[in-house]
Amino acid sequence: MTQQTAGEVAGHPPYLYPDYKSTRLRAPKEPLIILPRTLADVSGPAYGRGRIEATDDDLTRQHDGEPLGERIIVTGRVLDGDGRPVRNGLVEVWQANAAGRYTHHKDRHPAPLDPNFSGAGRCLTDDEGRYRFVTVKPGAYPWKNHDNAWRPAHVHFSLFGSSFRSRLITQMYFPGDPLFEHDPIFQSVRDPKAQRRMISSFDLETTEPEWALGYRFDIVLEGREATPFERPHA
Amino acid sequence: MSPEPTPSQTIGPFFHDALLDGDLTELVSPDHPQAIKIEGAVYDGAGDPVPDAMVEVWQADAAGRYGSKDFFGFGRSGTDEDGRFSFATLKPGPVPGPDGTLQAPHANVSLFARGLLKQVTTRLYFPDEEKANAKDPVLISIDDAGLRRTLVARDEGGGAYRFDVFLQGEGQTAFFEFEG
């Protein structure tokens, strides 16, 4: 039997998942205060961030040369809790390079940086809620959580939906990764069906011949029936 | 049938280049005549500062309107080695609540960090709004006075308010969850 912990709702992970060591001192332990629906479904920021540059959705074209690694296309739809498309929503992504190294100054993994890859992108969803990025497949990398700990390859996603409660930061994984069963962050989501909602699927339709493999990743946000506020564009 | 939500996962430690590449801490210019400063620090259950968090605020303007043309009301800040974050913003006005009530002026605060598998969400209320706070539907729904106090910032004078966030342990900040 799993213990119901604060925050463990709707397939989300609990705050405290002791196998993921950093949760031990950071997970709140007091019961959460329930906000009634009337206060929860208030509109949130659609957070138009102003300008999106032409190369923001193509992480392989942000430098003079092309990054090393397996070129991939990641696409999917962002939907709200009623299954309706989230339109004009900001999608922000970040990831390690093909060798499993982030450009971040605190990443000490002794794998090479790629001068042609920064690993950060953003785009807006279209009228069907669709987004699309071109990037390279990120590598797995070690971390200090426990002895011989490795993160499965993943792309971080940050999303704003229609209401304040829709805000989501998650990670997209790749199908069939042998590291899933050893990764406490992935395993913090206990329900296997919910785990599958974090795994992209290989998609031949998205794959472009002689160019790049395609992966599909649909994202469902919480909240509904609200019109987000859009930042006026400068 | 409604689709099931995508589970949350931690922001991890390496988000800065993607999410904090522009300065998003100034919701208004600090030189704005009505600008206030919100500053604080984030602490873990051992009382140590959390140096790798991201704090987001979302608030109404002085007239209680969200997302108005002249003041969008959204901001983001990282935390530094001492766990500190700060925003230059305007003091929000009271906003409509359920059943014709008014909510006291407040900012919605979300916090993401390595070790948080899902963001925590709280509210910052103002110490100089005692009358409005006493009638606020969210504040009065919290029976524990100590917990309620964690939501009220401290007046530092000169238009500065201090709002520390304690993730865990004695004095833990009150965090919210949305009704299903």
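If you read the protein sequences in the order shown, they are chains W and Z. Per the working numbering, the first sequence runs over residues 1 to 234. Per the working numbering, the second sequence runs over residues 235 to 414. The beta carbon of each residue, even a glycine, is placed where N, CA and C say it ideally should be.
### Query
Based on the DSSP output, what are the partners of E260 of chain Z in its beta bridges?
E260 of chain Z is bridged by DSSP to Z:A322.
### Query
Are the C-beta atoms of P142 of chain W and some chain Z residue less than 7 angstroms apart?
For P142 of chain W, the answer is no, since every Cβ of chain Z falls outside 7 angstroms of its Cβ.
### Reduced DSSP secondary structure (H/G/I, E/B, other) of F306 of chain Z
Of the three classes helix, strand and coil, the one that applies to F306 of chain Z here is coil, per DSSP.
### Query
If you count every other CB in all the chains shown that lies within 10 Å of the CB of G65 of chain W, and 16 or more means buried, which is it?
Label assigned to G65 of chain W: exposed.
#### Entry: Proximity below 7 angstroms, CB of G161 of chain W to CB of D80 of chain W
Taking 7 angstroms as the Cβ cut-off, G161 of chain W and D80 of chain W qualify as a contacting pair.
#### Entry: chain W residues whose Cβ lies nearer than 8 angstroms to that of I376 of chain Z
Result: I33.
### Task
Would you kindly report the start and end of the unbroken alpha helix (DSSP H) that includes A54 of chain W?
Per DSSP, A54 of chain W belongs to no alpha helix (DSSP H) and is neither H nor E.
### Message
I want to verify the contact list: residues of chain Z whose CB lies under 7 angstroms from the CB of K106 of chain W, in sequence order.
### Response
When 7 angstroms is used as the limit between beta carbons, K106 of chain W is near these residues of chain Z: P247, in chain order.
### Query
If you draw a straight line from the alpha carbon of G7 of chain W to that of P209 of chain W, how long is it in whole angstroms?
In this predicted model, G7 of chain W has a pLDDT of only 46, less than 50, meaning its place in the structure is not dependable enough to derive any value.
### L345 of chain Z - partner residues in DSSP beta bridges
Residue pairing from DSSP places L345 of chain Z in a beta bridge opposite Z:V289 and Z:V354.
### Query
In chain W, what lies closer than 8 angstroms to H250 of chain Z by C-beta?
The CB of H250 of chain Z comes closer than 8 angstroms to the CB of H104 in chain W, given here in chain order.
### Beta-carbon neighbours of Q353 of chain Z, restricted to chain W and to distances below 9 angstroms
Scanning chain W for C-beta atoms nearer than 9 angstroms to the C-beta of Q353 of chain Z yields R167, L168 and I169, reported in chain order.
### Message
When you compare the stretch 342-354 of chain Z with the stretch 240-257 of chain Z, are there three or more beta-carbon pairs, one atom per stretch, that lie closer than 8 angstroms?
### Response
Yes: the two stretches touch, three or more of their Cβ pairs being nearer than 8 angstroms.
### Task
In the DSSP assignment, find the unbroken beta strand (DSSP E) run with Q171 of chain W in it and report its ends.
That run of the beta strand (DSSP E) goes L168 to Y173.
### Query
If we count Cβ pairs, one from each stretch, closer than 8 angstroms, do we get three or more for the stretch 103-121 of chain W versus the stretch 132-141 of chain W?
Here the stretch 103-121 of chain W makes contact with the stretch 132-141 of chain W; the two share three or more CB pairs at distances below 8 angstroms.
### Task
Using a Cβ-Cβ cut-off of 7 angstroms, state whether E181 of chain W counts as contacting chain Z.
No Cβ of chain Z is located within less than 7 angstroms of the beta carbon of E181 of chain W.
### Message
I'd like the list of long-range same chain contacts for Q95 of chain W, defined as Cβ closer than 6 angstroms, with 5 residues on each side in sequence excluded.
### Response
Exclusion of the five residues before and after Q95 of chain W leaves G119, P138 and V155 as the residues of its chain whose Cβ lies within less than 6 angstroms of its Cβ.
### Message
Less than 8 angstroms between C-beta atoms, sequence neighbours within five positions excluded: which residues of the same chain meet that for A297 of chain Z?
### Response
Spatial neighbours of A297 of chain Z in its own chain (CB-CB distance under 8 angstroms, excluding positions within 5 residues in sequence) are listed in chain order as G327.
### Message
Rounded to the nearest angstrom, what separates G11 of chain W and P152 of chain W at their Cα positions?
### Response
Here the alpha carbon of G11 of chain W sits roughly 20 angstroms from the alpha carbon of P152 of chain W.
#### Entry: Helix, strand or coil at H250 of chain Z [DSSP, three-state]
Helix at H250 of chain Z.
### Query
So what does H340 of chain Z bridge to, in DSSP terms?
The partner list for H340 of chain Z (beta bridge, DSSP) reads Z:Y359.
#### Entry: Collapsed DSSP secondary structure at S311 of chain Z in the structure displayed
In the three-state DSSP reduction, S311 of chain Z falls in the strand class (E or B).
### Message
Quick check on the DSSP output: what are the complete beta strand (DSSP E) runs of length 3 or more inside the stretch 83-162 of chain W, in order along the chain?
### Response
Entirely contained in the stretch 83-162 of chain W, the beta strand (DSSP E) runs reaching 3 residues are, in chain order, 90-95, 120-124, 130-136, 141-143, 149-151 and 154-159.
### Task
Verify whether the separation of the beta carbon atoms of F186 of chain W and S200 of chain W is less than 7 angstroms.
In this structure, S200 of chain W does not lie closer than 7 angstroms to F186 of chain W by Cβ.
### Message
Once the 5 residues before and after F410 of chain Z are set aside, which same chain residues still bring their CB inside 6 angstroms of it?
### Response
These residues qualify, in order along the chain: T355.
### Query
Quick one: what's F400 of chain Z bridged to in DSSP?
Paired residues: Z:Y277.
### Task
Would you kindly report the start and end of the unbroken alpha helix (DSSP H) that includes F186 of chain W?
For F186 of chain W, the uninterrupted alpha helix (DSSP H) run begins and ends at P184 to Q187, by DSSP.
### Query
Going by beta carbon distance, what residues of the same chain come within less than 7 angstroms of T55 of chain W, once the five residues before and after it are set aside?
Taken in chain order, the residues that qualify are R61 and Q62.
### Query
Assuming L222 of chain Z and F319 of chain Z make a contact with CB atoms under 8 angstroms, what is their CB distance in whole Å?
Residue 222 of chain Z cannot be examined here, being either before or after the span of chain Z that is shown, 235 to 414.
### Query
What first and last residue would you give for the alpha helix (DSSP H) that runs through G380 of chain Z?
Segment A379 to R383, the alpha helix (DSSP H) holding G380 of chain Z.
### Query
Where does A194 of chain W sit, in a helix, a strand or coil, going by DSSP?
A194 of chain W: helix per DSSP, three-state reduction.
### Query
Among Z:F412, Z:T407 and Z:D398, which one has its Cα closest to the Cα of D316 of chain Z?
D316 of chain Z has its Cα closest to that of Z:D398, out of Z:F412, Z:T407 and Z:D398.
### Task
Could you work out which residue in Z:T259, Z:A252, Z:D278 and Z:T240 is closest to T23 of chain W when comparing CA atoms only?
Of the candidates Z:T259, Z:A252, Z:D278 and Z:T240, the residue whose Cα lies closest to the Cα of T23 of chain W is Z:D278.
### Task
Check whether the Cβ of R348 of chain Z lies closer than 7 angstroms to any Cβ atom in chain W.
Residue contact with chain W for R348 of chain Z: present (Cβ-Cβ distance below 7 angstroms to some residue of chain W).
### Task
Could you check the C-alpha separation between G403 of chain Z and V343 of chain Z for me, to the nearest Å?
Counting only the Cα atoms, V343 of chain Z lies some 19 angstroms from G403 of chain Z.
### Query
Within 7 angstroms (strictly less), CB to CB, does I404 of chain Z reach chain W?
A small correction: the amino acid at residue 404 of chain Z is Glu; Ile does not occupy that position in the sequence shown. False, the Cβ-Cβ gap to chain W never drops below 7 angstroms.
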